[in-house]
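The structure under discussion appears below in the form of structure tokens.
4 protein chains.
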Amino acid sequence: MKKNTHVIPSVVKDPRLIEQRRQQIVEGAVRLFTKKGFHKTTTREIAKECGLSIGTMYEYIQTKEDVLYLVCEYIHTQLEQRLQQLISEEDTGRDSLEKSVKNLFYSVDEMSPLIVLIYQETKSLSKELMKYVLQKEEEITNIFEKILLKGLKDGTISIDPDSVKLMAHDIIVIGQMWAFRRWALKRFYTIDEYCQRQMSLIFEKLLSRG
Amino acid sequence: MKKNTHVIPSVVKDPRLIEQRRQQIVEGAVRLFTKKGFHKTTTREIAKECGLSIGTMYEYIQTKEDVLYLVCEYIHTQLEQRLQQLISEEDTGRDSLEKSVKNLFYSVDEMSPLIVLIYQETKSLSKELMKYVLQKEEEITNIFEKILLKGLKDGTISIDPDSVKLMAHDIIVIGQMWAFRRWALKRFYTIDEYCQRQMSLIFEKLLSRG
Amino acid sequence: MKKNTHVIPSVVKDPRLIEQRRQQIVEGAVRLFTKKGFHKTTTREIAKECGLSIGTMYEYIQTKEDVLYLVCEYIHTQLEQRLQQLISEEDTGRDSLEKSVKNLFYSVDEMSPLIVLIYQETKSLSKELMKYVLQKEEEITNIFEKILLKGLKDGTISIDPDSVKLMAHDIIVIGQMWAFRRWALKRFYTIDEYCQRQMSLIFEKLLSRG
Amino acid sequence: MKKNTHVIPSVVKDPRLIEQRRQQIVEGAVRLFTKKGFHKTTTREIAKECGLSIGTMYEYIQTKEDVLYLVCEYIHTQLEQRLQQLISEEDTGRDSLEKSVKNLFYSVDEMSPLIVLIYQETKSLSKELMKYVLQKEEEITNIFEKILLKGLKDGTISIDPDSVKLMAHDIIVIGQMWAFRRWALKRFYTIDEYCQRQMSLIFEKLLSRG
DNA sequence: GATGAATGAGCATTCATTCAT
DNA sequence: GATGAATGAATGCTCATTCAT
């Protein structure tokens with residue numbers, strides 16, 4: 044089922060327990076990483092924060108980097124689920140896009156510290172693990188690519204087919220910038236204003252030749 | 044002259060020497076930080092790379108963090124200069140914007156690893172120093188804000204005045220994403236294609252009701 | 044019956060089971076210790092290698108050191124049995140010595156990694172346990188002492204009585220060196236050559252006064 | 044000059060200082076390793092014992108294993124020097140051998156704990172470093188090979204030329220066994236007796252055929 | 001002003017052993 | 001009797017920073 048996912052070995056055998064403990068680990072780690080960053084958080088702090096002894100924590104991971112990977116995967120999965128959730132086969136491409144972009148903006152707003160975390164710490168992963176995280180990032184981008192293509196097919200969106208991929212990236216980035224530029228943007232815009240104004244940037248382009 | 048800039052104390056008195064040595068330090072550090080990141084680079088490595096002894100290097104900085112700050116400031120200054128350089132009083136807002144956005148895209152392309160560095164390591168700075176770096180980031184954004192306002196005034200750009208700040212941020216982010224999403228984008232677009240397609244996104248919006 | 048042997052306590056009551064499980068443990072441990080050494084082998088690895096769970100293994104031993112002791116005892120017992128096996132009351136001392144020395148050489152050849160193991164890891168035992176192992180080593184040496192004394196008595200061997208103990212040690216050491224100096228010797232001698240030449244050292248005069 | 048020797052990198056540049064500090068390290072380490080063995084000695088203990096801070100010690104070595112290597116090299120060099128020292132071009136092979144074997148026995152007696160250390164801990168080295176140590180061991184053996192060959196040439200020693208290598212190894216091992224079997228031998232022999240009796244094994248006929 | 005040896009707190013990780021089930 | 005998850009003290013090693021020369 045789970046594909047394109049790195050499997051972190053565990054000494055412990057019971058898969059239920061592994062899932063549960065790793066959930067604990069991720070939750071503790073997220074709290075610390077968003078506060079202090081990956082490098083400034085020690086493994087002992089993570090263990091303490093998630094209520095495990097350091098020894099026990101290491102039964103479920105192999106290295107500190109694994110924790111970061113689990114965290115990145117968790118964040119991406121959260122975002123992906125939120126986005127998939129609102130997608131309906133019955134919507135036109137246009138409607139679906141509108142819903143999804145709005146959904147993206149508000150999701151990023153709620154997940155703000157997590158989005159920033161991904162932006163800042165992905166590079167702390169090894170090449171190997173980074174590959175998986177970037178793959179997932181691309182899959183999330185593909186959600187919007189698919190919607191755009193649907194709209195292109197059903198005639199509700201007009202866009203140069205060669206710009207579809209780029210527009211998908213633009214949407215993602217414009218969504219995420221609400222998190223990573225929040226320090227500047229929040230002084231001038233609420234999330235509602237932000238959403239509305241950016242929507243119009245995206246949709247005027249897409250409907251220009253309507 | 045230099046405003047909004049944190050002054051790093053130095054034991055050494057001669058300002059010429061300070062400038063020269065810090066230039067060395069920044070150049071060495073940039074090479075290492077872009078390759079291995081800030082945390083994985085040691086002060087010894089920096090000293091070696093820039094041809095100073097570790098002791099001497101510490102005569103010109105106080106902490107390793109100072110090096111990162113100098114690097115961030117250097118990168119921002121580089122980018123700012125490139126952008127300022129092409130701005131002429133005589134251009135219309137519209138023309139100036141076109142020139143500057145194009146300039147931004149190609150500058151980001153050339154400075155790609157530096158832009159990524161800023162994105163990833165700014166958060167490694169202390170609150171205090173980060174403030175200065177974000178201020179500078181904002182100043183760079185302001186360059187585009189000013190151009191948009193000029194176009195608004197001279198009638199060559201049509202945009203809701205309340206969207207000006209946001210559009211300036213959008214421009215910056217769309218420019219920088221060519222660096223921080225390069226891993227995905229370069230598989231589908233050249234910098235020329237990228238520039239052209241993103242320009243049309245920005246300008247169709249800005250000229251819609253022209 | 045078993046004398047001069049340290050009795051390792053076990054939680055388990057059934058002596059048959061204890062014997063059987065400990066045999067498993069020794070066999071697994073020998074494989075690992077000869078490959079990686081005592082210190083670099085973990086208890087988990089031993090348990091896995093011998094097909095027991097770590098918990099079960101600890102029902103039959105008390106500490107990791109116990110495993111090493113069992114291994115040493117096992118190796119010594121192996122060697123002792125091989126040597127005792129070929130000793131016959133009817134042989135003259137001279138004949139018995141010849142048979143036994145040859146037997147020693149070929150036994151060491153076959154048990155090479157085990158002999159090396161004893162040489163290298165005995166010192167990892169506690170004083171207490173080391174005493175037992177060295178005692179056993181001495182008992183094995185005594186086998187040759189007895190043979191020499193028999194030859195002295197029956198006139199088939201001529202040796203200063205005060206040198207008997209020493210000669211017994213010499214024989215053992217010359218036998219074992221085929222194992223612990225194998226890295227050098229095997230480049231120049233086969234086991235057959237080694238046996239023949241060392242036999243002649245022991246049995247004949249070595250250097251005539253030219 | 045120094046050949047077949049692994050060069051351990053040091054952060055420190057001054058070669059004099061490196062030599063001096065490494066001497067300190069070796070002396071401290073020898074004291075601890077002979078008492079507790081390599082594995083049970085911690086790097087902190089070594090540092091303390093040799094009067095350096097742990098950080099400083101690591102300026103002169105790279106890993107704990109390096110310390111063991113330095114120690115092995117030191118011991119071998121000590122032994123080699125002692126042996127080389129008494130070798131004179133003018134002696135006959137026979138005389139040189141007699142002197143050198145006696146020298147070996149008394150050297151091993153004095154260096155007893157060091158010889159045992161080499162026997163027990165060489166295997167704790169990595170393949171790479173062990174190679175160098177075994178090479179040195181072989182060079183020491185070669186000292187006796189050369190003497191034997193000299194005696195063969197000048198007619199003062201009669202031995203099958205193909206047994207020369209083996210005899211050299213025998214001499215070394217018989218010498219060293221005074222160290223590694225001391226626990227048993229010292230109960231029955233003084234070093235003087237040991238020397239005399241083993242000399243006669245080597246130099247005269249061992250067992251006449253009744 | 002330059003040098004680089006010294007420092008030691010701090011960190012990630014391991015592993016023998018226990019004990020509740 | 002068997003299991004294997006939990007424990008945490010212990011360890012090898014790093015590295016930013018200082019300061020005597």
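Residue numbers (the working numbering), protein chains in the order written: chain D, 44 to 253; chain X, 44 to 253; chain L, 44 to 253; chain W, 44 to 253.
By construction, the Cβ of each residue, glycine as well, lies at the ideal position given by its N, Cα and C atoms.
First and last residue of the uninterrupted alpha helix (DSSP H) at residue i
{"i": "D:M39", "result": "Limits of chain D in this structure are 44 at one end and 253 at the other, which puts residue 39 of chain D out of reach."}
{"i": "D:F76", "result": "P58 to K79"}
{"i": "X:K107", "result": "K107 to Q128"}
{"i": "W:D203", "result": "It is not in any alpha helix (DSSP H) - W:D203 carries neither H nor E in the DSSP assignment."}
{"i": "D:N185", "result": "K170 to D197"}
{"i": "L:Y162", "result": "S155 to E164"}
{"i": "L:I245", "result": "I234 to F246"}
{"i": "D:T135", "result": "Careful: D:T135 lies outside any alpha helix (DSSP H) and carries neither H nor E."}
{"i": "X:T37", "result": "Nothing can be reported for residue 37 of chain X, as the shown portion of chain X is limited to 44 through 253."}
Test item: CB-CB of residue i and residue j under 8 angstroms
{"i": "W:I214", "j": "W:F246", "result": "no"}
{"i": "D:L209", "j": "D:I200", "result": "no"}
{"i": "D:I161", "j": "D:I104", "result": "no"}
{"i": "W:L195", "j": "W:G136", "result": "yes"}
{"i": "D:I202", "j": "D:F148", "result": "no"}
{"i": "X:L177", "j": "X:E108", "result": "no"}
{"i": "D:Q121", "j": "D:M154", "result": "yes"}
{"i": "X:T165", "j": "X:C115", "result": "yes"}
{"i": "D:L113", "j": "D:R64", "result": "no"}
{"i": "D:L168", "j": "D:L111", "result": "yes"}
{"i": "D:V216", "j": "X:V216", "result": "yes"}
{"i": "W:A222", "j": "W:T184", "result": "no"}
{"i": "W:S206", "j": "L:R240", "result": "yes"}
{"i": "W:S139", "j": "W:K179", "result": "no"}
Inter-residue spacing [alpha-carbon to alpha-carbon] between residue i and residue j
{"i": "W:D134", "j": "L:V50", "result": "57 angstroms"}
{"i": "W:I158", "j": "W:K56", "result": "32 angstroms"}
{"i": "W:K189", "j": "W:Q127", "result": "12 angstroms"}
{"i": "L:P156", "j": "D:V73", "result": "51 angstroms"}
{"i": "X:M220", "j": "X:H119", "result": "16 angstroms"}
{"i": "L:R225", "j": "W:R59", "result": "39 angstroms"}
{"i": "L:I97", "j": "D:T106", "result": "23 angstroms"}
{"i": "D:V54", "j": "L:E92", "result": "16 angstroms"}
{"i": "W:Y237", "j": "W:A90", "result": "38 angstroms"}
{"i": "W:G71", "j": "W:S150", "result": "21 angstroms"}
{"i": "D:Y175", "j": "D:P52", "result": "16 angstroms"}
{"i": "D:I61", "j": "X:G80", "result": "32 angstroms"}
{"i": "X:H82", "j": "X:Q163", "result": "11 angstroms"}
{"i": "W:R230", "j": "W:Y101", "result": "43 angstroms"}
{"i": "L:E141", "j": "L:D197", "result": "15 angstroms"}
Chain D contact for residue i (CB, 8 angstroms cutoff)
{"i": "X:R13", "result": "For chain X, the structure presents residues 44 to 253; residue 13 of chain X sits outside this window and is missing."}
{"i": "X:E231", "result": "Reading the sequence as shown, one finds Phe at residue 231 of chain X and not Glu. So yes, X:F231 belongs to the interface."}
{"i": "X:G80", "result": "yes"}
{"i": "X:M220", "result": "yes"}
{"i": "X:E188", "result": "no"}
{"i": "X:E92", "result": "no"}
{"i": "X:G253", "result": "Residue placement at X:G253 is poorly supported in this model, since its pLDDT is 35, which falls under 50; the coordinates still yield a value, given next. By this cut-off, X:G253 is not an interface position."}
{"i": "X:K208", "result": "yes"}
Cutoff 8 angstroms: residue i Cβ touching any chain L Cβ
{"i": "W:E110", "result": "One detail in the question is off: residue 110 of chain W reads as Val in this sequence, not Glu. Not one chain L Cβ lies under 8 angstroms of W:V110."}
{"i": "W:L244", "result": "yes"}
{"i": "W:V151", "result": "no"}
{"i": "W:K142", "result": "no"}
{"i": "W:E181", "result": "yes"}
{"i": "W:V114", "result": "no"}
Contact with chain X by residue i, beta-carbon distance below 8 angstroms
{"i": "D:D213", "result": "yes"}
Test: residue i CB closer than 8 angstroms to a CB of chain W
{"i": "L:R224", "result": "yes"}
{"i": "L:K145", "result": "no"}
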